[in-house]
Structure formats: C-alpha cells, structure tokens
Amino acid sequence: MDLTRRQLLWAGGAIGAGVMLTACGGGDEEPTGSATGGSAKPRKGGTLRVGALGRAGAITRDPHGSQANESDYLIISLLYDTLTVPGRKPNTEPRLAASWKPSEDLKTWRFTLAKGAKFHDGTPVTAEDVVFSLKRLRATPSGASRLPGIQAKNITAEGTDTVVVVSDYANAELPLLVRLTTFVIPKGTTDKDIAKAPGTGPFKLDWFRGGNARLVRNKDWYGGEVHLDAIEVKIFESPQAMASALLAGQIDLASNVGAVAARTAESRKDIQAVRRPNDMAMPIVLRTADGPFADAKVREALRLAVDREAMVKQVLSGYGTVANDVLGTGDPAYDKSLPQRTRDLAKAKQLLKEAKFDTSKTYELYTTEDISGLAESATLFATQVREAGVKVKVVKQESATFWDKTWLKGDLYTTYWGTNDSVVFFASKTMVSDSGQNEAGWKNDDFDAAYEKAIGTSDASERTQLLKELQKIEYDSSGYLLWGMADGIDLAGAKVRGLPTLPGYGRVQLEGAWLAS
11 MDLTRRQLLW
21 AGGAIGAGVM
31 LTACGGGDEE
41 PTGSATGGSA
51 KPRKGGTLRV
61 GALGRAGAIT
71 RDPHGSQANE
81 SDYLIISLLY
91 DTLTVPGRKP
101 NTEPRLAASW
111 KPSEDLKTWR
121 FTLAKGAKFH
131 DGTPVTAEDV
141 VFSLKRLRAT
151 PSGASRLPGI
161 QAKNITAEGT
171 DTVVVVSDYA
181 NAELPLLVRL
191 TTFVIPKGTT
201 DKDIAKAPGT
211 GPFKLDWFRG
221 GNARLVRNKD
231 WYGGEVHLDA
241 IEVKIFESPQ
251 AMASALLAGQ
261 IDLASNVGAV
271 AARTAESRKD
281 IQAVRRPNDM
291 AMPIVLRTAD
301 GPFADAKVRE
311 ALRLAVDREA
321 MVKQVLSGYG
331 TVANDVLGTG
341 DPAYDKSLPQ
351 RTRDLAKAKQ
361 LLKEAKFDTS
371 KTYELYTTED
381 ISGLAESATL
391 FATQVREAGV
401 KVKVVKQESA
411 TFWDKTWLKG
421 DLYTTYWGTN
431 DSVVFFASKT
441 MVSDSGQNEA
451 GWKNDDFDAA
461 YEKAIGTSDA
471 SERTQLLKEL
481 QKIEYDSSGY
491 LLWGMADGID
501 LAGAKVRGLP
511 TLPGYGRVQL
521 EGAWLAS
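Below you can see the structure in the form of structure tokens.
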C-alpha cells in the first residue's frame with residue numbers, strides 16, 4: 011500500500027487556489043474556526059480524553075511513515091509540527107514556518123522559521139533540522155508524491171532560520187504542499203530512534219502503550235498558549251465502540267465518529283455534535299486507461315444513472331451534500347457554475363448504446379469497509395445503475411488486499427479522501443498524467459497543460475479563472491464519479507470547548523481545546 015494514501019485521508023492537508031504568495035503570523039485575518047467555545051474565556055487545566063479509530067496491527071510511531079490509524083496521526087500531529095497548517099482565510103497559515111516568499115519565477119521558495127521554536131528537549135530548531143526532515147520525507151517510497159516537483163538535492167538551508175526549496179517547475183501553490191506530513195524532527199535522527207524523537211508541537215509524549223497515549227502540555231511551545239494539561243488518546247477499532255464509550259462517559263471526545271453514531275446521539279442533550287462540511291469524498295473510480303469504462307460515454311452514462319440525493323440521504327444519513335464529479339469541493343476556487351448532474355436514465359441508456367457497452371456482462375465493483383458508508387455506497391450504486399441496464403456485483407475486500415491489489419489497478423472501485431479544500435491538490439496527486447496516485451489511469455494532454463498553466467500563474471484571481479478550465483475538463487472526462495461529500499462529525503461531552511471545525515488535518519489541531527468547569 012502506498013504510504014501517503016492513508017496519511018492524505020486523515021490529513022486533509024491540501025493545496026488551495028487562493029493562497030497568498032507570502033504569509034506571516036498575526037494580522038487581521040479570521041481565526042481558525044472552533045466549535046463549542048462561544049465567547050467564554052478558556053479555562054486552563056484538565057485532561058481531554060479523546061477516542062480515535064485505529065487497529066493494533068497498524069500502529070506506527072514514525073511521523074514520516076504510514077499512519078493507517080487515525081489515532082496515530084492524531085498523536086503525531088500534536089507532537090510534531092508541520093511548516094504550515096490549514097486556515098480559514100487564507101486557507102494556509104504559518105506554523106513552524108513563520109513566513110515564506112517566492113522568487114519571481116515561482117520556482118524558488120524561502121521559508122523563514124518561527125522565532126523561539128524548540129524541540130521538546132529544549133534544543134532550538136534550525137533550518138538544518140527542517141532540511142533533514144524534508145529529505146527524509148522525500149526518501150520514502152512515495153516521496154515524489156508527497157513533495158511533487160521537489161528533489162531532495164533542491165532542499166537546502168540558508169543560515170540557521172531559512173529553508174530554501176527549489177521546484178522543478180513554477181509552482182504558486184508550493185506553501186500548501188508543506189501542510190501535509192512535513193513533520194520536523196532533529197537532524198540525524200535514526201530509524202531506530204524515531205519513536206523517541208522529540209517534536210516541536212504543543213504537546214509532549216508522557217507515555218505510549220499499544221496505540222494509546224498520554225500527551226502533556228508543552229509549556230514552551232512557540233505557537234501560543236495551550237490550555238489543557240494533557241490529552242489522553244484511546245484507540246478504538248470501530249466508530250460504534252467509540253461512540254458507546256463517549257455515551258458511557260469513558261471519553262470526552264469521539265473523533266470522526268460518523269453519521270450513524272451521530273444519529274444515535276441526537277437525543278442526548280449532554281452530547282455536542284461538531285459537523286465539518288466537505289470533510290470526506292468517497293468517489294467511485296472508473297478506469298480510463300483501458301477496460302470496459304475507457305469510453306468517456308460510458309463514464310458519463312454511469313454518472314447520469316446515479317441518484318445523488320438518494321445516495322446522500324441513505325449512505326450518509328443526510329450528513330453530507332450532493333457533489334458534482336469534481337474533487338476539491340471546499341476550495342474557494344471550486345466552480346459552482348458547472349451544471350449539476352442529475353439522474354437521467356434515458357440519456358444514460360442512450361450513451362451506453364452509442365458506446366456499444368456490453369450490458370450482458372456483470373461488472374465487479376471493489377470496495378472495503380475502512381470507513382463508515384463506503385461499502386454501503388457501493389451497494390446502493392450497484393442498485394441504481396441496474397436501472398440503466400448495467401449489472402454490477404459488489405466485492406468487499408480486506409483493507410490490505412484492497413490497497414495492494416485493487417487501488418490504482420482496478421477497473422471499478424471505491425476510494426476516499428479527507429482532503430477536499432483544494433482543486434489543485436487532487437489535480438497534482440491523482441489526475442495529471444504522471445502523478446504517482448493516478449487512481450483512474452487518466453491521461454489528458456489538455457488537463458496537464460491547464461494544470462501547469464494554473465500553478466505557474468502568480469495572480470490569484472487569474473489562477474482561479476484558469477482552474478475553472480481545469481475543472482471543466484475533469485467534469486467532462488475524468489475517471490471520477492463523485493456523488494456526494496460526507497460531513498466530518500465529532501461527538502463531545504458537555505464540558506468540551508474550543509474544538510476545531512476545519513476539515514481534514516485542521517480537525518486534529520486540538521491545541522486550542524479546553525474544558526469548562
């Protein structure tokens with residue numbers, strides 16, 4: 011399984027079109043959204059008990075490795091800092107990098123580190139530490155996808171507080187790339203010692219046992235005040251078990267618990283629900299390179315055979331919104347003017363006939379039960395397209411088998427992403443011809459050219475217009491059938507305050523959380 015795939019799911023560290031080319035801390039920009047906080051003054055102290063999904067067999071302690079468990083990613087994200095983090099306006103904000111600035115040709119970027127940043131052992135963070143960390147990340151099996159267009163030799167230090175990153179091509183969006191998994195560790199950290207490597211984050215590790223952990227406040231954190239004394243993370247294998255633990259008072263926060271659990275808790279006045287729109291995409295992938303779905307008319311027919319409103323209502327229990335086959339729905343540059351596809355069985359049948367699609371065969375749709383609703387979406391899809399004359403058999407696979415055997419290779423399969431605030435992110439990771447995670451095997455010269463032109467344009471408004479051209483090509487002919495967007499849902503006890511409301515990686519930023527008395 012590709013190492014980045016799961017990290018991208020939980021992280022949501024995406025590339026948005028409206029990013030400022032230089033950034034700095036402070037200013038009059040809107041703060042990151044938070045829930046259940048109100049206008050009350052945060053109270054210091056207390057331990058927040060957090061439940062997060064994970065499996066004992068998939069535990070990892072490596073910040074640059076595969077975090078298949080959300081519990082691992084949550085722990086790592088609180089211990090280690092990335093260079094930038096998601097924001098609301100703009101959608102990329104400073105973290106370990108206090109500011110950044112590009113060269114005129116948008117190829118060379120200089121990141122200036124935050125003053126006073128220290129590792130948990132008290133050692134100051136230097137540019138050399140960041141360079142070491144980025145090169146280590148780049149050296150992972152999927153490093154080229156993690157830092158596209160950036161070669162290890164082109165990551166260097168300039169003095170003690172400036173990191174220079176040179177892209178192979180003009181890239182106005184590069185600061186957003188470093189929102190994802192660019193966790194910084196001390197220079198020279200060996201693989202043997204990685205689990206003990208000190209971070210720079212708002213919390214320090216007290217103990218780690220079998221996927222469960224206790225993190226204590228880093229009183230010297232450069233990023234601002236941390237309210238909680240500690241966060242205890244408990245691993246759960248299912249959303250149902252996690253929700254039950256919350257209802258029983260065993261934890262204070264059930265992270266990303268899903269729609270079914272949210273419905274169960276609706277009648278409880280002592281439970282708060284935090285909804286994050288555009289949190290997760292669960293598209294169906296139709297292989298375009300070859301096979302039965304290579305004809306664009308067939309893909310269009312299947313898009314028209316789907317009842318999107320029914321999918322959202324039944325699969326997501328209404329906790330979501332209808333989508334329109336373009337990924338990156340939370341991006342300010344997302345093109346809402348594209349005609350919303352609706353169900354049209356007559357046209358779907360006509361397109362299948364024109365494409366000479368063999369309706370006598372039964373086609374297999376592969377899926378997993380990695381997340382709530384994924385397998386259910388496959389089953390409902392199969393039921394719906396049968397009304398257009400297409401027979402589909404749903405095949406459920408174990409997670410490891412699916413990611414090793416089906417993902418990137420199958421003709422028809424489900425996938426999922428928790429990174430949805432950027433059109434460019436998906437273009438770079440999953441749709442340009444040479445992308446390492448081209449899920450549909452899609453190669454389109456016009457799309458590639460539109461992508462290169464968009465990211466090479468410095469003016470944000472002009473880039474937004476170019477991204478509309480990019481989305482139109484994706485809408486017309488890509489290998490994605492994106493029927494809806496799932497809300498992210500956290501459930502919290504009555505005393506929990508200050509929870510983040512941003513999707514993806516934004517929601518694991520718990521340094522602003524606090525407990526009311």
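Note that the sequence shown covers residues 11 to 527 in my numbering.
In this text, a Cβ means the ideal position worked out from N, Cα and C, and glycines have one as well.
The structure displayed is predicted, hence computed values, not measured ones.
- Apart from the 5 residues on each side of it in sequence, ALA205 sits with its Cβ closer than 6 Å to the Cβ of ARG71 in its chain, given in chain order.
- A straight line joining the alpha-carbon of GLN407 with that of THR378 spans about 5 Å.
- DSSP lists LEU263, GLN282 as the bridge partner or partners of ALA502.
- In the same chain as LEU337, and ignoring 5 residues on each side of it, the C-beta atoms closer than 8 Å to its own belong to ALA291, PRO293, TRP427, ASN430, VAL433, PHE436, THR440, GLU484, TYR490, LEU492, in chain order.
- Secondary structure remark: continuous alpha helix (DSSP H) runs of at least 4 residues inside the stretch 430-502, in chain order: 433-436, 455-465, 470-487.
- Here DSSP, grouped into helix, strand and coil, assigns TYR179 to coil.
- Sequence-distant Cβ neighbours of VAL442 in its own chain, meaning closer than 8 Å and more than five residues away, are ASN448, PHE457, ASP458, TYR461.
- Between ALA496 and GLY383, the gap from beta carbon to beta carbon is short of 8 Å.
- In this structure ALA154 is in contact with GLY446, their Cβ atoms being roughly 6 Å apart against a cut-off of 8 Å.
- For the stretch 138-163, not one full-length beta strand (DSSP E) segment reaches 3 residues or more.
- The Cβ atoms of GLU242 and LYS307 lie no closer than 8 Å to each other.
- Just so you know, the alpha carbons of GLY494 and VAL402 end up roughly 20 Å apart.
- Listed in chain order, the non-local C-beta contacts of GLU319 below 7 Å within the same chain comprise VAL332, local neighbours out to five positions each way being set aside.
- For the set ASP414, LEU520, MET321, the Cα lying nearest the Cα of GLY508 is the one of LEU520.
- The three-state reading of DSSP puts THR416 in helix, counting H, G and I together.
- Counting C-beta pairs closer than 8 Å gives fewer than three between the stretch 294-306 and the stretch 245-259, which falls short of the contact rule.
- With a cutoff of 8 Å on beta-carbon distance, VAL141 and ALA107 are scored as not near each other.
- For PRO134, the CB contacts under 6 Å within the same chain, skipping 5 residues up- and downstream, are LYS128 in chain order.
- In its chain, beyond the 5 residues on either side, ALA320, MET321, GLN324, VAL325 have a beta carbon closer than 8 Å to the beta carbon of LEU390.
- Counting along the chain, THR425 sits inside no beta strand (DSSP E), nor does DSSP assign it H or E at all.
- For THR191, the number of other beta carbons within 10 angstroms of its own is at least 16, and it is reported as buried.
- For the 8 Å CB-CB criterion, VAL194 and ASP139 form a contact.
- Assignment of TYR344 by DSSP, reduced to helix, strand and coil, places it in the coil class.
- Each residue's CA atom was taken as its position, placing SER487 and ALA283 some 38 Å apart.
- Annotation: the continuous alpha helix (DSSP H) that includes ILE85 extends over 80-89.
- Per DSSP, THR274 is not a residue of any beta strand (DSSP E); the alpha helix (DSSP H) it occupies stretches across 269-275.
- Every unbroken stretch of the beta strand (DSSP E) spanning 3 or more residues and falling wholly within the stretch 298-381 is given here in chain order: 330-332, 372-377.
- Following the DSSP letters along the chain, one finds VAL395 in no beta strand (DSSP E) but inside the alpha helix (DSSP H) bounded by residues 384-396.
- Look at ARG507 here: in three-state DSSP terms it is strand.
- Minimum Cα-Cα distance from ARG473 among the listed residues ALA258, THR369, HIS74, ALA343 corresponds to ALA343.
- DSSP, read as helix, strand or coil, puts ILE69 in coil.
- Take ALA223, set aside five residues on each side of it, and the residues of its chain with a beta-carbon closer than 6 Å to its own are ILE85, VAL243, in chain order.
- Non-local beta-carbon contacts of ILE381 in its own chain, meaning distances under 7 Å to residues more than five positions away in sequence, involve TYR426 in chain order.
- Here ALA240 is not near THR416, since their CB atoms are 8 Å or more apart.
- Under the three-state reduction of DSSP output, ILE165 falls in the strand class.
- Distance from the CA of PHE303 to the CA of THR170, rounded to the nearest whole angstrom, comes to 53 Å.
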